[in-house]
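These notes concern the structure reproduced below.
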Amino acid sequence: MTRASSKSSVSLPVANTDAAPAHDGCASCSVYRAANLKKLGVTMDTCDFVIALAGNPNTGKSTVFNALTGLRQHTGNWPGKTVARAEGAYAYDGRRFKLVDLPGAYSLLSTSLDEQIARDFILFGQPDVTVAVADATRLERNLNLVLQILEITDRVVVCLNLVDEAKRHGVTVDDRQLARDLGVPVIPTSARFGQGLPELLQSISAVATGEIVCRPHRLATEPDAIKPALSDLVAQLRAAYPDLPNARWVALRLLGGDESIVEALRTGQLGTLQASAIQETLSA
Ligand SMILES: Nc1nc2c(ncn2[C@@H]2O[C@H](COP(=O)(O)OP(=O)(O)O)[C@@H](O)[C@H]2O)c(=O)[nH]1
Ligand SMILES: [Mg+2]
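Residue numbering for the sequence shown follows this note's numbering, beginning at 7 and increasing consecutively.
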């Protein structure tokens with residue numbers, strides 16, 4: 007499916023000005039060029055796929071975003087830097103990808119505005135791929151959000167970033183085992199230095215086109231006690247909102263008393279929220 011948009015073309019610098027040491031994945035070497043990346047800035051006349059960048063604050067989402075789009079989304083080493091989502095585009099292997107840099111989030115269950123924006127986009131915006139950017143130096147903490155994302159969508163690539171920092175602290179992550187455990191591709195990167203980005207581009211493309219089919223790790227099952235209520239609620243949600251992408255997840259949130267979802271349902275905004283998120287996805 008091709009998604010259309012009306013944004014005008016803007017010519018933007020494409021060079022990655024961050025100091026980049028010589029290595030396989032850097033922006034200036036042949037491997038990177040061979041990755042067939044064309045940074046399109048905010049040129050999004052048409053795009054084939056919408057890609058969301060999600061992750062805890064300070065995991066390098068905006069650094070990845072800038073490296074792939076050639077834009078200059080602000081990066082910083084403190085939380086809350088990205089307050090709204092930023093959008094840009096790139097072309098890879100003859101296809102056009104719209105990249106959405108979501109605000110940092112520790113959880114998709116919280117009620118902070120940043121986290122709600124991120125959650126609504128992943129849940130209702132239906133990105134073709136969600137890239138979960140995780141900090142390799144704080145993997146355990148970061149996996150909380152990754153696992154929550156895997157509950158909502160099965161098209162996920164984990165960008166295991168800051169591996170250079172992890173290495174400096176003597177931490178190595180077995181990314182292959184992690185990929186097996188999570189059931190989605192895990193790509194080690196040092197986005198600041200362009201390392202791993204060709205592999206990341208390749209994985210995003212493969213998941214978007216269906217060449218790679220993810221089998222995400224999901225919580226085994228819900229407790230027996232809530233099963234009848236859950237299936238009843240799921241049926242009602244499906245009847246009321248046939249296009250709702252993940253009725254089970256929404257039902258679980260309702261049973262958990264998630265105020266924002268309860269409110270969205272009570273006011274009838276659940277359908278509107280869904281429609282507007284999709285509309286924004288298409289027209290931004
Ligand atoms: N050492 C190192 N620093 C990085 C890497 N990626 C991002 N950073 C730095 O981490 C900080 C936060 O990055 P940013 O992209 O703003 O994170 P965001 O909050 O997730 O958007 C910035 O100072 C980046 O330069 C990396 O792979 N290695
Ligand atoms: Mg950011």
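Note that CB positions come from ideal geometry on N, CA and C, so glycine has one too. Only a predicted model underlies this, so the values are computations on that prediction, with no experimental measurement involved.
At least one heavy atom of ligand 1 lies closer than 8 Å to the C-beta of VAL139.
Residue environment analysis places SER68 among the buried positions, since at least 16 neighbouring C-beta atoms fall within 10 angstroms of its C-beta. Looking at the DSSP output, TYR96 bridges to LYS45 and PHE103.
Straight across, the Cα-Cα distance linking LEU276 with ARG174 is about 46 Å.
Rounded to whole angstroms, the separation of the alpha carbons of VAL240 and PHE55 is 28 Å. Taken from the Cβ of PRO63, at least one heavy atom of ligand 2 lies inside 8 Å. If you draw a 10 Å sphere on the C-beta of SER211, you find 16 or more other C-beta atoms in it, and that means buried. When DSSP states are grouped into helix, strand and coil, ALA140 belongs to the strand group. Distance from the CA atom of SER266 to the CA atom of VAL219, rounded to whole angstroms, is 32 Å. GLY61 and ALA235 have their C-alpha atoms some 32 Å from each other. Residue state for ALA111 is assigned as coil, using DSSP reduced to three classes.
Put simply, the region 187-201 touches the region 157-167. At least three CB pairs are less than 8 Å apart.
At least one heavy atom of ligand 2 lies less than 8 Å from the C-beta of GLY110.
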